[in-house]
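In the working numbering, the protein residues as written are 2 to 358.
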């Protein structure tokens, strides 16, 4: 057993929760951003610039190619995070496409429905195939044949084995969340906004999780509200410590920058989390904004969350007002209010949210 562990170590295979579910899943979100998310953004801009009826312009054309390459982008991103050799990485692009697109037919609601595992299928297929590919890489004199063959066969085998279950599970999990939010918009609005917002700030990819589940409709709106509350909230309440640089880095980048400070004083997490508990149900009941998939887990990062809302809910006056309130104004005002109360109580002290920049 010890020899096998040593062999894995030499081949760069280091199984751990951090490697697979923080580093690799974070990289998966980058793959999604470069493909599926950019497809959504370019489609939305194309709709504004050329109209929804016009689909042959360059923006819609690029969007189509970007969306179609999602599985390959995830494959390359995850394999890169696992430090795959070039030959394994190239094969993982194909494995990502297989895991993403392999169809499974189910009897759903009295009819046949063809489902794919999407991002979740690509992620798990690449995870296994990449590690097996690394184990055989440069172990034979015909490496150029053996390594991609093992990687591709492993990827297809894992996809065929896991993707039906993943497809089924993710479909019904997404259906349950979306249905429950329609039935209990206040309670589910709070739960989704708080949970997804917290995941956004943790070193885990909220965008990847939202994409895996296939969150849609007002449930996606609640997720967007929660993510925006964390990012805008931390950006505003830490302004006195971090000034404009911190405002931009957190408001348009990521609230994950505060994780070190949260570990030192977890109480600083309360203001933006309380803000998300308020904006979430407002998004699901009063304003009824919608968002879909990966965009719902991005918050104000590159303004992807608001763009996703416009893409799902349209660009009418009410949507614009809703986005301004839910994504920007209310998270800032509520988080600042709660943080000032906590500062007066001594729960948050000067320098608690200072970033090393």
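Beta carbons: idealized from backbone N, C-alpha and C, even for Gly. None of the values given here were measured: they were computed from a predicted structure.
Which residue marks the beginning of the beta strand (DSSP E) containing residue i, and which one marks its end?
i: residue 362; result: There is no way to answer for residue 362, as the model of the chain reaches only from 2 to 358.
Just checking my contact of residue i with residue j at CB under 8 Å: how many whole Å lie between their CB atoms?
i: residue 190; j: residue 52; result: At roughly 33 Å, the Cβ-Cβ gap does not stay under 8 Å, so residue 190 and residue 52 are not in contact.
i: residue 336; j: residue 237; result: 6 Å
i: residue 271; j: residue 262; result: Going by Cβ atoms, the distance from residue 271 to residue 262 rounds to 13 Å, so no, they are not a contact pair.
i: residue 256; j: residue 320; result: The pair is not a contact, with the Cβ atoms about 24 Å apart (cut-off 8 Å).
i: residue 179; j: residue 220; result: 5 Å
i: residue 156; j: residue 130; result: 4 Å
i: residue 333; j: residue 277; result: So it is not a contact: roughly 13 Å between Cβ atoms.
i: residue 301; j: residue 264; result: Incorrect: roughly 23 Å between the Cβ atoms, too far for contact.
i: residue 224; j: residue 298; result: 6 Å
Look up residue i in the DSSP assignment and give the residues it is bridged to.
i: residue 351; result: Its beta-bridge partners do not exist; DSSP assigns none.
i: residue 108; result: 113
Within 8 Å: the Cβ of residue i and any heavy atom of the ligand HEM?
i: residue 48; result: In the structure shown, the ligand HEM is absent, as is every other ligand, since no ligand is present at all.
Which two residues bound the contiguous alpha helix (DSSP H) that contains residue i?
i: residue 146; result: 144-184
i: residue 328; result: Per DSSP, residue 328 belongs to no alpha helix (DSSP H) and is neither H nor E.
i: residue 8; result: 3-11
i: residue 224; result: 218-238
i: residue 87; result: 87-102
i: residue 324; result: 318-324
i: residue 74; result: 71-82
i: residue 315; result: From DSSP, residue 315 is part of no alpha helix (DSSP H); its letter is neither H nor E.
i: residue 211; result: 207-214
i: residue 266; result: Segment: none, residue 266 is in no alpha helix (DSSP H) and carries neither H nor E.
i: residue 28; result: 25-33
i: residue 41; result: 39-51
i: residue 294; result: 294-297
Give me, in chain order, the residues of the same chain whose beta-carbon lies closer than 8 Å to that of residue i; leave out the 5 immediate sequence neighbours on both sides.
i: residue 171; result: 118, 119, 121, 213, 214 and 215
i: residue 43; result: 60, 61, 63, 64 and 67
i: residue 139; result: 86 and 148
i: residue 308; result: 41, 42, 45 and 296
i: residue 169; result: 105, 107 and 116
i: residue 286; result: 186, 187 and 190
i: residue 23; result: 204 and 205
i: residue 303; result: 253
Taking all protein chains shown into account, do 16 or more other C-beta atoms lie within 10 angstroms of the C-beta of residue i, making it buried, or fewer, making it exposed?
i: residue 162; result: exposed
i: residue 151; result: buried
i: residue 346; result: exposed
i: residue 218; result: buried
i: residue 316; result: exposed
i: residue 310; result: buried
i: residue 58; result: exposed
i: residue 166; result: exposed
i: residue 160; result: buried
i: residue 243; result: buried
i: residue 132; result: buried
i: residue 55; result: exposed
i: residue 145; result: exposed
i: residue 258; result: buried
i: residue 325; result: exposed
i: residue 200; result: buried
i: residue 352; result: exposed
i: residue 113; result: exposed
i: residue 197; result: buried
i: residue 177; result: exposed
i: residue 8; result: exposed
For residue i, which residues of its own chain have a beta-carbon under 7 Å away from its beta-carbon, when the five flanking residues on both sides are left out?
i: residue 295; result: 33, 37, 38, 208, 211 and 212
i: residue 4; result: none
i: residue 70; result: 36
i: residue 28; result: 78, 79, 81 and 82
i: residue 102; result: 72 and 117
i: residue 137; result: 147, 148 and 151
i: residue 25; result: 79, 82, 83 and 128
i: residue 47; result: 58, 60, 61 and 64
i: residue 228; result: 197, 198, 201, 207, 298, 299, 300 and 306
Closer than 6 Å by C-beta to residue i: which residues in its own chain qualify, once you throw out the five before and the five after it? Chain order, please.
i: residue 222; result: 284, 290, 291 and 292
i: residue 67; result: 36, 39 and 40
i: residue 331; result: 280
i: residue 84; result: 13
i: residue 125; result: 163
i: residue 49; result: none
i: residue 378; result: Shown here, the chain extends from 2 to 358; a query on residue 378 therefore has no answer.
i: residue 354; result: 239, 242, 262 and 269
i: residue 323; result: 288 and 290
i: residue 230; result: 198, 273, 276, 277, 280 and 332
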